[in-house]
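In this note's numbering, the protein residues as written are 56 to 173. Right, one structure below, let's go through it.
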C-alpha cells in the first residue's frame, strides 16, 4: 500500500511563501507521474503542478511563474514551492501519485491546508 504524507501547509499573508512536501513510502521512480492538486469546498480537484517520469512538467495557468514543483529522488519526496501567494490560493492541497500498469491507479495524500490572508 502506497502512502503519501504531506506537510508544510499553514497560514501565510498574501505575498508570502510556503513549501509543501510529500514523502512517498516507496521510490518515486515507481510512479509514472506525481503532482499536487488542490480542492476548494464544493469545487472539483484541480491540478496545480505535476511531472511525469518522462520529464514533462505542467503547471496550472494560475500558478505559472509563482509555484515550482521539484523532487528529491533520494528522499522519495516531492516539493511544491509556492511564492507570491494570493488569497485565491487558499485551498486544501493534495499530493498525487499515479501508476499506469498493470492498472491505472491513483494514490492520494491526506491533504494539507494552505490559507492565505489578505
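Glycine is no exception: its CB is placed at the ideal position from the N, C-alpha and C atoms.
Give me the Cα-Cα distance between residue i and residue j, rounded to the nearest whole angstrom.
i, j, result
"residue 107", "residue 148", "19 angstroms"
"residue 157", "residue 69", "43 angstroms"
"residue 124", "residue 167", "16 angstroms"
"residue 90", "residue 104", "6 angstroms"
"residue 159", "residue 109", "17 angstroms"
"residue 155", "residue 161", "9 angstroms"
Sort the options by Cα distance to residue i and report the nearest one.
i, options, result
"residue 139", "109, 132, 95, 120", "120"
"residue 87", "118, 152, 122", "152"
"residue 165", "155, 150, 173, 171", "150"
"residue 171", "63, 61, 56, 71", "71"
"residue 94", "173, 161, 146", "146"
"residue 143", "132, 117, 60, 112", "117"
"residue 131", "60, 155, 78", "78"
"residue 129", "82, 62, 60, 56", "82"
Pop quiz: residue i and residue j are said to be a contact at Cβ under 8 angstroms. What is the actual Cβ separation, rounded to whole angstroms?
i, j, result
"residue 114", "residue 76", "Rounded, the Cβ-Cβ distance is 18 angstroms, inconsistent with contact."
Check whether the Cβ atoms of residue i and residue j sit closer than 7 angstroms, and answer yes or no.
i, j, result
"residue 58", "residue 80", "yes"
"residue 64", "residue 169", "yes"
"residue 73", "residue 137", "yes"
Item to check | Ordered list of beta strand (DSSP E) runs contained in the stretch 137 to 161, each at least 3 residues | outcome: 146 to 154
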